[in-house]
Structure formats: structure tokens, C-alpha cells
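J.: Using the working numbering, the first residue of the sequence shown is number 1, and each one after it goes up by one.
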Amino acid sequence: MKSKYEILLSVLDDLCDQAPSENKKYHPCKPEEYPKARSLAYIHLLLKARFGIQTFEDREKCITDGTQDGGIDAYYISHEERVIYLIQSKFRNTEKNFDGGKDISYEDLASMSIREIIAPKSDGPKFNGKIQKMQSALSLIKNPQLYEYKVIILANLKESHSNKSKEVIGRLLQNFDYEIIDYKKTYDELLLPSIMGTCSRPSEIQVPLSLEDKDHRPQATNRIKTSAGNCRMSILFVSTLEIAKMMHQYKNALLKYNPRSFLGLRNKSINTAIKQTIINSSTNEFALYNNGITIVTSQSDFHENYGVVDQATLTLVNPQIINGGQTAATLAEIYNSEEKSKLEDKEVLVRIITFDGHNDNYDRVIRELSKATNGQTPVKEEDRHANDPLQEFFKRQIFADYGLLYEHKIGEFHEGLKHKFVDNSQKINRTDFLKLSIAINGDVASTRSTANSKLFSQRFFENEQNASEETLRQNCRRYMFGYFVLQRMKNLSKKNKNEETYGNAVRYGKYAVVKVCDQFYPFNLPPENTAEKAEAVCDMVLSHWSEFEDSVLTKHTKTENERIRFDFDNYYKNQMLNDDLETIAISWQADNELAEQ
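1) Can you check the segment 516-554 for any alpha helix (DSSP H) of at least 4 residues that lies completely inside it and give the ranges in chain order?
2) Among the candidates D580, Y508, A220 and S162, whose CA atom is the shortest distance from the CA of V350?
3) Let's test the definition: count the other Cβ atoms within 10 Å of the Cβ of I428 and tell me whether it reaches 16, buried, or not, exposed.
4) Taking only three categories from DSSP, how would you classify L472?
5) Beta-carbon within less than 7 Å of F384's beta-carbon, same chain only, minus the 5 sequence neighbours each way: which residues are those?
6) Is it buried or exposed, G71, if we count other Cβ atoms within 10 angstroms and call 16 or more buried?
7) Going by CA-CA distance only, name the one from E549, K346 and K61 that's closest to S282.
8) Kindly confirm or deny that the segment 194-213 and the segment 227-243 touch, where touching means at least three C-beta pairs closer than 8 Å.
9) Counting Cβ pairs, one atom from each stretch, are 3 or more of them under 8 Å apart for the segment 542-551 and the segment 396-415?
10) Looking at the structure shown, is K420 part of a helix, part of a strand, or coil, going by DSSP?
11) Just checking my contact of C199 with G52 at CB under 8 Å: how many whole Å lie between their CB atoms?
12) Roughly how many angstroms lie between the CA atoms of I608 and G124, to the nearest whole one?
13) Rounded to whole angstroms, what's the CA-CA distance from I438 to S261? Just pull it up for me.
14) Taking the DSSP output, what are the residues bridged to A312?
15) If you count every other CB in all the chains shown that lies within 10 Å of the CB of A41, and 16 or more means buried, which is it?
16) Could you check which residue in R473, R364 and L417 has the C-alpha nearest to that of Q397?
17) Whose C-alpha, out of A531, Y183 and F566, is nearest the C-alpha of E95?
18) Check for me: the beta strand (DSSP E) holding A74 runs from which residue to which?
19) Would L46 pass as a contact of L154 if the rule is Cβ separation under 7 Å?
20) Can you tell which of I295, N271, N230 and R232 has the C-alpha that lies nearest to the C-alpha of M246?
21) Within its chain, find whatever has a CB closer than 6 Å to the CB of V485; leave out the 5 residues flanking it on each side and keep chain order.
22) With M196 as the anchor, note down where its alpha helix (DSSP H) starts and where it stops.
23) Considering L146, what are the terminal residues of the alpha helix (DSSP H) in which it resides?
24) Are there 16 or more other CB atoms within 10 angstroms of the CB of Y289, so buried, or fewer, so exposed?
25) E657 to R478, Cα distance in whole Å?
26) CB-CB under 7 Å to A253, same chain, minus the five flanking residues each way: which ones, in chain order?
27) With 16 as the cutoff for other CB atoms within 10 Å, does Q465 come out buried or exposed?
28) Going by alpha carbons, who is nearest to I181 out of D103, E242, Y147 and A228?
29) For N230 versus D356, is the C-beta spacing smaller than 7 Å?
30) Just grab the DSSP bridge partners of I295 for me.
31) So, at 6 Å on beta carbons, what are the nonlocal neighbours of K251 in its own chain, with the 5 sequence-adjacent residues on each side left out?
32) Considering only residues of the same chain and omitting the five flanking positions on each side of S39, which have a CB-CB separation below 6 Å?
33) Just verifying my parser: in three-state terms, what is the DSSP assignment at A590?
34) Rounded to a whole number of angstroms, what is the C-alpha to C-alpha distance between K275 and P20?
35) Is the distance from the Cβ of A110 to the Cβ of I243 below 7 Å?
36) Measuring only the C-alpha atoms, how far is E407 from R430?
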């Protein structure tokens with residue numbers, strides 16, 4: 001199983017592979033050439049994940065690294081934010097040094113000649129051709145006085161939070177605003193999105209519309225007051241080809257509030273019906289048959305193009321598809337097939353909901369809207385909770401602590417798997433994780449006796465619903481201890497064909513073992529030691545499991561015949577299991593020293 005750093009190297013090497021073959025610096029042949037190639041790819045990763053620059057060519061235009069670069073390795077002009085980003089990067093080519101082992105030096109920060117570059121003088125220092133191109137790009141900005149400069153330090157800098165350090169850093173950076181993206185932020189904000197396929201951020205999408213013999217203008221518009229602020233809802237028909245292009249490019253990045261990921265939307269029977277309606281017809285029945293797509297935006301605009309006959313543009317800012325994802329995903333599949341031409345001259349009804357602004361209720365209202373609109377189509381109970389903030393917290397915490405992937409949306413890590421950044425052994429099943437929480441919190445029997453859909457609808461992380469962030473973090477680590485116990489049990493099940501070695505624990509009592517092992521979970525156990533400790537505790541508990549089952553038989557049977565016929569399969573689904581785990585003493589004394597280590 002790869003560490004987070006090893007996953008990062010896989011992503012960086014993939015970015016290098018995207019470079020044209022003639023760009024030799026990205027295609028190392030000798031071991032000593034890899035650090036330089038990866039250090040450049042590291043900047044590409046920032047430009048792709050943070051700013052959504054998709055093509056290698058477009059990212060390479062932002063790279064300024066080289067001799068006489070004035071300490072600036074790359075830049076990016078955000079016209080939307082009106083911010084000019086100047087990037088200084090230090091990549092570390094060993095895991096120890098990258099993971100907080102080695103900081104960027106103050107000398108490197110002091111080398112940034114920011115003012116000399118943005119306000120050059122005739123007698124000032126000379127910079128390389130890439131910096132000169134950057135200066136030319138800056139000179140073309142209209143109303144430059146409205147833009148701010150911000151430095152991104154893509155490197156570790158431990159002592160950066162104290163007031164004294166902030167003062168020193170600010171002085172070295174000539175008092176420009178700055179942001180530090182260290183190894184932790186890299187893993188969370190750059191690497192995880194790469195695995196999830198959400199680097200391509202749809203900040204603004206221009207959808208061309210043809211008005212020839214049609215009316216693609218909004219057919220109805222209404223203003224609605226909500227707890228998240230006022231919004232405007234418009235309805236219009238959009239070309240299926242344009243929806244397909246949009247979904248093909250952005251995939252999961254358009255599905256933040258949708259209960260399913262791009263891959264999870266590929267329901268064979270429904271998709272087949274949608275495909276057939278598109279492919280088998282040369283006319284536009286699809287516009288009648290399909291229920292349409294709902295898109296939420298922070299800003300939208302429709303305008304007819306000046307000087308062009310029968311052409312218009314629909315602008316969508318920060319769009320998210322909250323309903324009709326299955327339709328959009330199917331159109332994207334057709335777009336990527338030999339039937340692409342069938343998308344022409346067909347339309348789909350689109351409902352656009354534009355909020356005037358964001359407040360604290362925005363995310364909640366959008367999630368509820370998504371649940372309501374998707375309630376009209378078959379959605380698994382597990383999927384209905386896929387966008388709960390708890391799930392997102394667990395995913396990020398688990399990846400940060402263990403480098404594992406909590407898959408709360410089925411298929412959300414498809415991009416990482418497809419490119420072999422990660423493998424299936426690093427995925428954590430959402431149902432397993434929910435059952436772990438239920439078992440550890442005292443109701444082991446439900447993990448086998450209750451349907452998964454019911455567990456999600458009635459027992460969805462009930463102990464975490466109003467918990468503080470620190471409590472969530474502690475619970476998450478506790479559950480991960482249980483997860484490693486469960487994995488140990490599953491591995492033992494594969495190795496031991498004669499499962500009676502551990503009584504009925506491996507066959508029926510996996511979550512019962514997890515519950516008992518939790519009694520020996522050491523508070524503040526470092527994440528890097530969790531798997532090893534969990535396996536040791538699991539083996540210790542299993543060595544006594546036959547004693548536990550003997551105690552169960554003594555308590556619940558009166559005759560030898562009853563003892564022989566006792567049904568442990570049913571017992572591990574029964575409420576009395578919960579009681580017995582709390583009341584029946586098991587002889588742990590000989591192993592107390594192990595449990596306390």
C-alpha cells in the first residue's frame with residue numbers, strides 16, 4: 001500500500017508524462033534527473049489543483065523557474081479574484097524531508113525580487129525571458145490598480161505562526177500578502193483532489209447557444225426567498241452536446257452536492273434508456289421525454305452575442321449539478337463514443353438556480369435541495385447521506401492521518417484508480433465504517449441483524465451529529481483503530497480455512513471482536529502506529545475468544561444438548577450479545593501489559 005508521499009510521486013510522474021517528448025527536462029532518463037522534473041511537476045500540480053489549469057501547455061506558460069528568475073518559480077493571474085499570484089516552490093525528494101523534515105530557507109524567501117519585477121527600472125536587475133513574458137502579461141491587465149499581489153510559498157515553513165515569524169516573513173517578502181502551502185495542505189488540497197478527479201474546477205463556464213429557428217432564451221424566471229438568501233430560477237433548453245462537453249471535462253467537480261459521483265451515476269438500465277432515446281432518433285423527442293437537469297450557480301447571465309446573428313452565450317459561475325446527474329453523465333459517455341454526432345440538434349431542459357450570495361445556511365440549503373430533487377428518483381439510502389459534512393470530514397481526516405481513502409460516494413476515486421495513483425486496497429467501504437461506529441458505541445447486534453439502508457437512515461453516525469471538531473477527530477481515529485482490527489479479522493478469515501480456531505469470531509463475530517478490542521484502544525495513539533497496535537490487540541482478544549463463547553454457553557444453556565445445538569449465527573445478531581459483551585468477564589489479565597503499552 002502506498003504512502004501519501006508515494007501517491008504524490010505517482011501524480012507528479014503522471015504530470016511529467018503529459019509534457020511533449022521534446023521537453024526533455026520533464027522526461028528524466030537518469031535517477032539524478034528525477035528531482036528536478038518532479039520539482040517542476042509539483043508547481044504544475046498547484047496550478048492544476050488550485051487554479052484549474054488543465055492542459056500542460058497552459059500550465060507551462062505560467063512557469064518562470066530558471067536562472068535569473070528573481071526567486072519567482074511561477075505565476076497566475078486570477079481575473080475573477082483580481083489577484084496576481086507569485087509562486088515560490090521547494091520540493092523535497094525524500095519522504096522524510098517532504099513530510100515536515102526540511103523547511104524552505106529564509107534566504108530563498110529573501111531572493112524574491114517582487115517589486116523589481118512588477119515595477120522594473122531601466123537600471124534594475126535583468127531577468128530571464130520567462131519573467132519578461134510575465135511582465136508583458138501584467139502590462140496587459142486593464143485597471144491594474146484593482147488587482148492585488150499574493151505570494152504562495154509551496155514549501156514547509158514550521159515556525160510561521162508566531163507573530164515574530166510573521167513579521168520576519170512579511171519583511172522578507174517585501175510586505176506582500178502570502179500563503180504557505182506545506183506538506184499537510186499539499187496532501188489535503190492538491191493531492192486528494194487529484195485522486196478524486198476534482199482538479200478541474202468549473203469556476204466559470206461559457207455555454208454557447210444557437211437561436212436559429214429556436215428560442216433558447218430563458219422561458220421563465222422567478223425570484224425565490226430562502227434561508228440561504230434570495231435566488232433566481234430560470235428555465236431554458238440547452239443543447240445536449242454542450243451539456244455533454246461540460247460533464248466530460250469536469251466530471252466529479254460538477255457533482256459536489258449530488259448524492260453520487262460521476263462513476264456512481266452510470267446506472268446501466270437508466271443510462272441505456274437515455275442513450276437509446278438520443279441515438280435512435282434523428283429528431284428532438286429527448287427534450288420531451290427527459291425530466292431535465294438542475295444546476296445551482298453563484299452567478300448566471302444570458303446575453304445575445306453582439307455582431308453575430310442568432311448566437312447567444314449562457315455564463316454559469318461556480319455551477320453544480322444537483323439533479324439530472326445521470327442524464328449529464330450519460331450524455332458525457334455518448335460524447336466520448338463513436339455516437340458523438342447523435343448529440344447534435346437535440347436539447348435538454350435545464351433549470352438554473354442562481355443565489356445572490358452565500359451565508360452560513362448556503363451549503364445546508366443546497367444539500368437539502370439536492371435531497372429533495374433526487375427524492376423523485378431511486379437513490380440508495382447510503383447515497384442520500386453521501387454529501388453529509390460528517391462524511392467529508394472523515395474522508396479528509398482519514399487521508400491526512402493514514403493515507404487511506406474513505407469512499408462515501410461510490411466511484412469518487414475512479415480517476416486515481418484509473419491512473420494507478422492508488423489501488424483498491426486503500427479504499428475504505430462506507431458501510432463497514434458506519435458499522436464500526438455502531439458496534440464501538442454499543443450496538444454490535446445491529447451490524448448483522450439490520451439492513452444497511454436502515455442503518456444509514458436511522459443510525460447514521462448518531463454520536464457525531466453535534467460533536468465538536470476535536471471530538472470528531474478523536475472518534476475518527478478510534479474508529480480507524482476498529483477498522484484495522486476488522487481488516488485483521490478479514491485477513492485471518494482468508495488464511496484460516498478452519499475458522500473454528502477462534503470459535504465463531506471470524507465467521508459471525510467480527511464486529512463483536514472490534515467492540516472488545518476498542519476497550520484496549522490507547523488514547524492519543526499516533527496514527528502511524530495504529531495498524532500495528534490494532535493487530536496486536538486483535539490477536540490478544542482472539543486468543544481468549546473461546547473463553548468468551550464458553551461463558552456464553554454457560555449463561556444461556558442448561559443441558560449438554562442445548563449447548564451442542566446453540567445457534568451462534570443467530571446469537572451474534574441478538575440483543576443479548578450486546579449485554580454479554582458488557583457483563584461477561586473474559587480473562588484478559590495475562591495480557592494487561594500488552595494492552596497498556
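Where a beta carbon is used, it is the ideal one built from N, C-alpha and C, also for glycine.
In this text the structure is predicted, and so the values were computed from the model without any measurement.
T.: According to the data block:
1) Qualifying alpha helix (DSSP H) stretches, in chain order: 530-543.
2) Here the question's residue 350 lines up with position 350 in the sequence shown. Ranking the options by Cα distance to V350, first place goes to A220.
3) Looking up residue 428 in the sequence shown gives position 428. By the 10 Å Cβ count, I428 comes out buried.
4) By 1-based counting over the sequence shown, the position of residue 472 is 472. Of the three classes helix, strand and coil, the one that applies to L472 here is helix, per DSSP.
5) Residue numbering aside, residue 384 sits at position 384 when the sequence shown is read from its first letter. With the sequence shown as reference, residue 384 is identified as Arg, and Phe is not the correct amino acid for it. Here the set comprises P259 and K371.
6) Here the question's residue 71 lines up with position 71 in the sequence shown. G71 should be labelled buried.
7) To locate residue 282, count along the sequence shown from 1; it is residue 282. The shortest Cα separation from S282 among E549, K346 and K61 belongs to K346.
8) yes
9) no
10) Within the sequence shown, residue 420 is the residue found at index 420, counting from 1. It is coil, neither helix nor strand.
11) To locate residue 199, count along the sequence shown from 1; it is residue 199. To locate residue 52, count along the sequence shown from 1; it is residue 52. Going by Cβ atoms, the distance from C199 to G52 rounds to 7 Å, so yes, they are a contact pair.
12) There is simply no residue 608 to check, as the chain begins at 1 and stops at 597 in what is shown.
13) Along the sequence shown, one-based indexing puts residue 438 at 438. Along the sequence shown, one-based indexing puts residue 261 at 261. Cα to Cα, I438 sits roughly 26 Å from S261.
14) Position 312 of the sequence shown, counted from the first residue, corresponds to residue 312. Note: A312 sits in a beta bridge opposite L209 and E304.
15) Here residue 41 refers to the residue found at position 41 when the sequence shown is read from its first residue. When all chains shown are included, A41 counts as buried.
16) By one-based count along the sequence shown, residue 397 stands at place 397. Checking every option, the nearest Cα to that of Q397 belongs to R473.
17) Against the sequence shown, residue 95 aligns to sequence position 95. It is Y183.
18) Position 74 of the sequence shown, counted from the first residue, corresponds to residue 74. Element bounds for A74: A74 to S78.
19) Translated into the one-based positions of the sequence shown, residue 46 becomes position 46. Translated into the one-based positions of the sequence shown, residue 154 becomes position 154. Yes, these two residues count as a Cβ contact at 7 Å.
20) Position 246 of the sequence shown, counted from the first residue, corresponds to residue 246. It is I295.
21) Within the sequence shown, numbered from 1, the residue matching residue 485 stands at position 485. Correct list, in chain order: V514, C517, A534 and C538.
22) Residue numbering aside, residue 196 sits at position 196 when the sequence shown is read from its first letter. For M196, the enclosing alpha helix (DSSP H) stretches over residues L192 to M196.
23) Working through the sequence shown from its first residue, we reach residue 146 at position 146. Careful: L146 lies outside any alpha helix (DSSP H) and carries neither H nor E.
24) Locating residue 289 in the sequence shown gives position 289, where the first residue counts as 1. Answer is exposed; the Cβ neighbour count stays below 16.
25) Outside the shown range of the chain, which is 1 to 597, sits residue 657, and nothing can be said about it.
26) Along the sequence shown, read from residue 1 onward, the residue named residue 253 stands at position 253. Hits under 7 Å: T198, S200, R201 and P202.
27) In the sequence shown, the residue the question calls residue 465 occupies position 465. Result: exposed.
28) For the purposes of this step, residue 181 is identified with residue 181 of the sequence shown, where counting begins at 1. Check the Cα spacing between I181 and each of D103, E242, Y147 and A228: the tightest is with D103.
29) Stepping through the sequence shown from its first residue, residue 230 is reached at position 230. Stepping through the sequence shown from its first residue, residue 356 is reached at position 356. Closer than 7 Å, so yes.
30) Taking the first residue of the sequence shown as position 1, residue 295 is located at position 295. Per DSSP, I321 and I352.
31) Residue numbering aside, residue 251 sits at position 251 when the sequence shown is read from its first letter. Here the set comprises G197 and F262.
32) As a position in the sequence shown, residue 39 is number 39, starting the count at 1. Excluding five sequence positions before and after S39, the CB atoms of its chain that fall closer than 6 Å to its own CB belong to F91, given in chain order.
33) Taking the sequence shown and counting its residues from 1, one reaches residue 590 at position 590. For A590, the pLDDT reaches just 45, beneath the cut-off of 50, and the residue's location in the model is therefore unreliable, although a value from the coordinates is still provided. It is helical.
34) Position 275 of the sequence shown, counted from the start, is the residue given in the question as residue 275. Position 20 of the sequence shown, counted from the start, is the residue given in the question as residue 20. When the Cα atoms are used, K275 and P20 turn out to be separated by approximately 36 Å.
35) Along the sequence shown, one-based indexing puts residue 110 at 110. Along the sequence shown, one-based indexing puts residue 243 at 243. Contact: no.
36) Here residue 407 is taken as the residue at index 407 of the sequence shown, counted from 1. Here residue 430 is taken as the residue at index 430 of the sequence shown, counted from 1. Using only the alpha carbons, I get a separation of about 6 Å.
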